[in-house]
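Under full-length UniProt numbering, the first residue of the sequence shown is numbered 1, with each subsequent residue one higher. Working notes for the structure below.
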Amino acid sequence: MNRFNRVVTALAVAAALAGCGTGQISQSADQAPAVNGTSATVGDLALRDVRIQAAQDGDALEAGQTVDLLFVATNQSTDTGEELTGISSSIGKVSVVGGRSVPAGGVLVVSAPAGPDLPTAPASKALSEVSNASTAAATVTLDKAISNGLTYDFTFDFKNAGPVRIAVPISAGVLSHH
Numbered sequence: 001m002n003r004f005n006r007v008v009t010a011l012a013v014a015a016a017l018a019g020c021g022t023g024q025i026s027q028s029a030d031q032a033p034a035v036n037g038t039s040a041t042v043g044d045l046a047l048r049d050v051r052i053q054a055a056q057d058g059d060a061l062e063a064g065q066t067v068d069l070l071f072v073a074t075n076q077s078t079d080t081g082e083e084l085t086g087i088s089s090s091i092g093k094v095s096v097v098g099g100r101s102v103p104a105g106g107v108l109v110v111s112a113p114a115g116p117d118l119p120t121a122p123a124s125k126a127l128s129e130v131s132n133a134s135t136a137a138a139t140v141t142l143d144k145a146i147s148n149g150l151t152y153d154f155t156f157d158f159k160n161a162g163p164v165r166i167a168v169p170i171s172a173g174v175l176s177h178h
């Protein structure tokens, strides 16, 4: 085989191998994220890993109990900041303590509040070195009983993006603080 034939054969093999994966659908293209919560997007604002965090010992979490509402809001706009103006729910009164701003290109992380076994909220520890981040804690005082395996309607209101309604699940266990 002469040199020209070898070069042509090598190029043909290289072109065939390069095209082997073309047009294929990846196995992970349609997979949902491996987080407990749900997500929604409105304009440049994305809500991620939205969930109720509560340990359920009996058949339900009863009216009068307080549960944590956890989520991350990301602002994908590079020039306009956003602000969480309120959260409402059909299952109870939502209280937010801490920052409510979602800086341009930044995040608002809402985690479990500080308590006797956790002197600072997890979000404030994790984001202490991050610029463009706000942290807060949110709780829901239940008006009615709720149970694992179901979702509950919440409406998140933002100053610029407006309202976004989302069905929020209960996470299957308490936050680990280890």
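Ideal Cβ positions, reconstructed from N, Cα and C, are used throughout, including at glycine.
- The three-state secondary structure of Arg6, taken from DSSP, is helix.
- Assignment of Ala161 by DSSP, reduced to helix, strand and coil, places it in the coil class.
- Apart from the 5 residues on each side of it in sequence, Ile91 sits with its Cβ closer than 7 Å to the Cβ of Val140, Leu142, Asp143, Lys144, Ile146 and Tyr152 in its chain, given in chain order.
- The Cβ-Cβ distance between Phe156 and Ile166 falls below 8 Å.
- The DSSP-derived three-state label of Ala40 is strand.
- Spanning the alpha carbons of Ala137 and Asp59 requires a straight line of approximately 26 Å.
- Taking Leu69 as reference, the option from Val50, Ser101 and Gly43 with the minimal CA-CA separation is Val50.
- Between Gly162 and Val42, the gap from beta carbon to beta carbon is short of 8 Å.
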